[in-house]
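As structure tokens, the structure follows; a few thoughts come after it.
There are 2 protein chains.
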Amino acid sequence: MERPTPERRQEIFRACARCLNGHGPRRIPAELAALAAAAALAGDTGPDVYGKGGALEALERDVARLLGKPAAVFLPSGTMAQQIALRLHAETARCQRVAFHPTCHLEVHEQRAYSELHGLEAHLVGRRDRLLELADLEAVGEPLAALLLELPQRDLGGLLPSWAELSAQADWARRRGVALHLDGARLWECAPFYGKSYAELAAPFDSVYVSFYKALGGIAGALLAGSEALVAGARVWQRRHGGNLVSMYPYALSARVGLERLGKMAEYHERACRIAARWRSLAGVRVTPDPPHTNMFHVYVPVDGERLLDASVQLAELESVALITRTRACDVPGFCAVEVSIGDAAAAFDDDELETLMRRLLECAQAPGSATRK
Amino acid sequence: MERPTPERRQEIFRACARCLNGHGPRRIPAELAALAAAAALAGDTGPDVYGKGGALEALERDVARLLGKPAAVFLPSGTMAQQIALRLHAETARCQRVAFHPTCHLEVHEQRAYSELHGLEAHLVGRRDRLLELADLEAVGEPLAALLLELPQRDLGGLLPSWAELSAQADWARRRGVALHLDGARLWECAPFYGKSYAELAAPFDSVYVSFYKALGGIAGALLAGSEALVAGARVWQRRHGGNLVSMYPYALSARVGLERLGKMAEYHERACRIAARWRSLAGVRVTPDPPHTNMFHVYVPVDGERLLDASVQLAELESVALITRTRACDVPGFCAVEVSIGDAAAAFDDDELETLMRRLLECAQAPGSATRK
Numbered sequence: 001m002e003r004p005t006p007e008r009r010q011e012i013f014r015a016c017a018r019c020l021n022g023h024g025p026r027r028i029p030a031e032l033a034a035l036a037a038a039a040a041l042a043g044d045t046g047p048d049v050y051g052k053g054g055a056l057e058a059l060e061r062d063v064a065r066l067l068g069k070p071a072a073v074f075l076p077s078g079t080m081a082q083q084i085a086l087r088l089h090a091e092t093a094r095c096q097r098v099a100f101h102p103t104c105h106l107e108v109h110e111q112r113a114y115s116e117l118h119g120l121e122a123h124l125v126g127r128r129d130r131l132l133e134l135a136d137l138e139a140v141g142e143p144l145a146a147l148l149l150e151l152p153q154r155d156l157g158g159l160l161p162s163w164a165e166l167s168a169q170a171d172w173a174r175r176r177g178v179a180l181h182l183d184g185a186r187l188w189e190c191a192p193f194y195g196k197s198y199a200e201l202a203a204p205f206d207s208v209y210v211s212f213y214k215a216l217g218g219i220a221g222a223l224l225a226g227s228e229a230l231v232a233g234a235r236v237w238q239r240r241h242g243g244n245l246v247s248m249y250p251y252a253l254s255a256r257v258g259l260e261r262l263g264k265m266a267e268y269h270e271r272a273c274r275i276a277a278r279w280r281s282l283a284g285v286r287v288t289p290d291p292p293h294t295n296m297f298h299v300y301v302p303v304d305g306e307r308l309l310d311a312s313v314q315l316a317e318l319e320s321v322a323l324i325t326r327t328r329a330c331d332v333p334g335f336c337a338v339e340v341s342i343g344d345a346a347a348a349f350d351d352d353e354l355e356t357l358m359r360r361l362l363e364c365a366q367a368p369g370s371a372t373r374k
Numbered sequence: 375m376e377r378p379t380p381e382r383r384q385e386i387f388r389a390c391a392r393c394l395n396g397h398g399p400r401r402i403p404a405e406l407a408a409l410a411a412a413a414a415l416a417g418d419t420g421p422d423v424y425g426k427g428g429a430l431e432a433l434e435r436d437v438a439r440l441l442g443k444p445a446a447v448f449l450p451s452g453t454m455a456q457q458i459a460l461r462l463h464a465e466t467a468r469c470q471r472v473a474f475h476p477t478c479h480l481e482v483h484e485q486r487a488y489s490e491l492h493g494l495e496a497h498l499v500g501r502r503d504r505l506l507e508l509a510d511l512e513a514v515g516e517p518l519a520a521l522l523l524e525l526p527q528r529d530l531g532g533l534l535p536s537w538a539e540l541s542a543q544a545d546w547a548r549r550r551g552v553a554l555h556l557d558g559a560r561l562w563e564c565a566p567f568y569g570k571s572y573a574e575l576a577a578p579f580d581s582v583y584v585s586f587y588k589a590l591g592g593i594a595g596a597l598l599a600g601s602e603a604l605v606a607g608a609r610v611w612q613r614r615h616g617g618n619l620v621s622m623y624p625y626a627l628s629a630r631v632g633l634e635r636l637g638k639m640a641e642y643h644e645r646a647c648r649i650a651a652r653w654r655s656l657a658g659v660r661v662t663p664d665p666p667h668t669n670m671f672h673v674y675v676p677v678d679g680e681r682l683l684d685a686s687v688q689l690a691e692l693e694s695v696a697l698i699t700r701t702r703a704c705d706v707p708g709f710c711a712v713e714v715s716i717g718d719a720a721a722a723f724d725d726d727e728l729e730t731l732m733r734r735l736l737e738c739a740q741a742p743g744s745a746t747r748k
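Here you go:
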């Protein structure tokens, strides 16, 4: 049994000449040198100091405008941005209860900080296996301070509601006096599906969180946009959270560079659709959403996840290609799930090759004894 | 009245060829290029991902060892590090009350986050105008979860207690079952005063926060060191605070470069002592501590703060020297206070020149009509 450790596996994938997901592995020296060049080109205006000045303040101003909101604040993480937004809505409403989907980041990935740090109560609305629907909201009897909607919904493969459904939910919130918050961790990726500007997409929401990594490829960082009053309040909570760092220019500069990818979102989406169509044609493979709504989709593969990764390691060693680097177990025995996010890296493959590579992976993973290479 | 705005004033100072404080203004393109080179030299191990791997994990391990603690976690800010440490001590003690000096960062600069986010109660010990003393602690009747000590105490000019006094306070805490936390925002700067290793300085404390900017010159970032259990708990709260960023390698790399300045702390301290001695000899000027305990000291100058800054702007424009860039009002009328922190930049001056420049500033600020330059 010579299966590599998970860490070693990731090293093997990272060393590949080509990979499918995102923009490829980060090469830190080259990336920092590119940021240095970008900073020189923009004219060095000095560092931001505790949130003021430099590339940070310019970024806040420009992204607020892009989202059609009066103001915005850059924050180290979406975790911080969303807790702060919900806390502010709760204080305005004098109500501690906020609503979100059962797979919401706040429920799943933040160690219940909304409760532990902010004393908020969560009302989980809708079913884990599908998007929130208007009928789910209409069934809520309790008063709510805010409703969080995630566009697109990552845990459902980047699924999006129709604009009509979204508008109906926003109307419900307005009628009920419930503040509407947008978890836009992947908002940039939605524009091709809706065919709307970012300001139009953000318009129904009282507060909007967006991220600068994921499809934009920045190093880290988030932004919370909304009214002047909301953002002023957010700056106080930013300080309380320990998110008002003396300087964040590496993040602000990489976010600025990342925004140049906004023009590629339609291309990423189209490519995701083509790859999903090819892979769906393979025996037993399912994709969701089908076709993809954004640059991402989930693939359900009729093989054990560890076997699929073993096969992917073999492929990496033979071809220097990192096709699948992580899998998730499924409740259907013998199936695993894979998340695909298309960015710049996929351009190194054509569709035929990706179909062939995926077929090879499946055959290898399904072959007897494939999990125990000598 | 042609007094420049505060922003314009800082631009003028930033443009000077020489400055007194710290390591000089940040030149972002050069700084990022240097980090890129450092990353290449160290061998690119890839980014840290949510706190694991890369330069971040190596930094945590090495600084934990330097501080003689079993474990450490890198955090975006000291604000986050210290709240987390105190929250953990409070949970262990099942007591919400923590004690610190009235000028503690948590009391003065964090919008009372310890209460708003963590439900902690502050017991302020000691007098605002002097260091905490054992007698202050002995007067505390209530149960305490933790005591925070700041070494050196910034708002008192970087004042340090004797090692005997510090040990007595640590003994008091141990006897009372009170956890001892070190606010070591400027701990690196203390070593010359005590003549002890960082592990010896950290030994009396259950948790230690250190910073990577200030005298080290990193971009931002902090570290919390302590037992394995404390650090494991801190990682949970780090996530709750929104401080578990997808990647922090720019900060980790700049911290690593900054640690190379540890060998210069004695030199910075000695230089601070020499400058303080020269300036103290000028009419009406007082310095504290006298002599300085670290690389920093506060200067009390018998002129109005705005006039002193006007004079400093004049000097900047004539000589391209930024000597004093900020002042603080004092309760004694006609006095202002200036904080001096010596780093690499001061090496561009000799002591005679610094005495002459300070005398010129005072004369200019004291001259009639000096505040209204034509």
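Residue numbers (my numbering), protein chains in the order written: chain G, 1 to 374; chain V, 375 to 748. Note that CB positions come from ideal geometry on N, CA and C, so glycine has one too. The structure presented is a predicted model; accordingly, all values stated were derived computationally and were not measured.
C-beta neighbour in chain V for residue i, strict 7 Å
{"i": "Lys374 of chain G", "result": "Note on Lys374 of chain G: pLDDT 36, under 50, position unreliable in the model; the coordinate value appears next. So no, Lys374 of chain G is outside the interface."}
{"i": "Val313 of chain G", "result": "no"}
{"i": "Pro4 of chain G", "result": "no"}
{"i": "Val285 of chain G", "result": "no"}
CB contact check: residue i to chain G, cutoff 7 Å
{"i": "Pro663 of chain V", "result": "no"}
{"i": "Leu525 of chain V", "result": "no"}
{"i": "Leu394 of chain V", "result": "no"}
Own chain, CB closer than 8 Å to residue i, minus 5 neighbours either side, in chain order
{"i": "Glu355 of chain G", "result": "Arg278, Trp279, Ser281 and Leu282"}
{"i": "Gly119 of chain G", "result": "Gln96"}
{"i": "Ser686 of chain V", "result": "Phe387, Ala696, Leu697, Ile698, Thr699 and Leu735"}
{"i": "Ser601 of chain V", "result": "Lys443, Pro444, Ala445 and Asp580"}
{"i": "Ala553 of chain V", "result": "His463, Thr466, Ala467, Ala519, Ala520, Leu521, Ala547, Asp580 and Ser581"}
{"i": "Gly708 of chain V", "result": "Pro676, Val677 and Asp678"}
Exposure of residue i, with buried meaning 16 or more beta-carbon neighbours within 10 Å
{"i": "Asp383 of chain G", "result": "The first residue shown for chain G is 1 and the last is 374, placing residue 383 of chain G beyond what the model contains."}
{"i": "Asp684 of chain V", "result": "buried"}
{"i": "Arg271 of chain G", "result": "buried"}
{"i": "Val798 of chain V", "result": "Limits of chain V in this structure are 375 at one end and 748 at the other, which puts residue 798 of chain V out of reach."}
{"i": "Asp48 of chain G", "result": "buried"}
{"i": "Glu31 of chain G", "result": "buried"}
{"i": "Val257 of chain G", "result": "buried"}
{"i": "Arg749 of chain V", "result": "Absent from the structure is residue 749 of chain V, since the part of chain V shown begins at 375 and ends at 748."}
{"i": "Ser340 of chain V", "result": "Outside the shown range of chain V, which is 375 to 748, sits residue 340 of chain V, and nothing can be said about it."}
Residue i: contacting residues in chain V (beta-carbon distance under 8 Å)
{"i": "Pro25 of chain G", "result": "Gly420"}
{"i": "Val210 of chain G", "result": "Near Val210 of chain G there are no residues of chain V at all, since even the closest Cβ is about 15 Å away, more than 8 Å."}
Amino acids of chain V, ordered along the chain, whose beta-carbon sits closer than 7 Å to that of residue i
{"i": "Glu116 of chain G", "result": "Arg614"}
{"i": "Ile28 of chain G", "result": "Ala413, Asp418, Pro421 and Tyr623"}
{"i": "Leu35 of chain G", "result": "Leu406"}
{"i": "Val140 of chain G", "result": "Simply none; closest approach about 26 Å."}
Chain-order list of residues whose beta-carbon lies under 6 Å from that of residue i (same chain, five-residue window excluded)
{"i": "His497 of chain V", "result": "Arg471 and Ala473"}
{"i": "Gly78 of chain G", "result": "Ala185, Tyr209, Ser211 and Ala222"}
{"i": "His101 of chain G", "result": "Gly126 and Leu132"}
{"i": "Thr419 of chain V", "result": "Gly428"}
Contacting residues, own chain, Cβ-Cβ under 7 Å from residue i (five flanking each side not counted)
{"i": "Glu142 of chain G", "result": "Arg97 and His123"}
{"i": "Arg261 of chain G", "result": "Ala215, Leu216 and Gly217"}
{"i": "Cys710 of chain V", "result": "Val675, Val677, Asp678, Gly679, Leu682, Thr701, Arg702, Ala703 and Cys704"}
{"i": "Ile593 of chain V", "result": "Tyr587, Pro624, Tyr625 and Ser628"}
{"i": "Pro152 of chain G", "result": "Gly158, Leu159, Leu160, Arg186, Glu189, Cys190, His293 and Thr294"}
Residues that residue i contacts on chain G, provided the C-beta gap is smaller than 9 Å
{"i": "Val631 of chain V", "result": "Per Cβ cutoff of 9 Å: no residues; Val631 of chain V is ~12 Å from chain G at best."}
{"i": "Arg388 of chain V", "result": "Gly46"}
Amino acids of chain G, ordered along the chain, whose beta-carbon sits closer than 7 Å to that of residue i
{"i": "Val620 of chain V", "result": "Tyr213 and Ala220"}
- Task: Identify each residue in the region 68–95 of chain G for which the Cβ-Cβ distance to at least one residue of chain V is less than 8 Å, and report them in chain order.
- Result: Leu75, Pro76, Ser77, Gly78, Thr79, Met80, Ala81 and Gln83
- Query: Of all the residues that make up the region 212–244 of chain G, which are near chain V by a beta-carbon distance shorter than 7 Å?
  - Reply: Tyr213, Ile219, Ala220, Val236, Arg239, Arg240, His241, Gly242 and Gly243
- Looking at chain V, which residues of the region 96–114 of chain G have a Cβ within less than 7 Å of any of its Cβ atoms? Cβ contacts with chain V: Glu110, Gln111 and Ala113.
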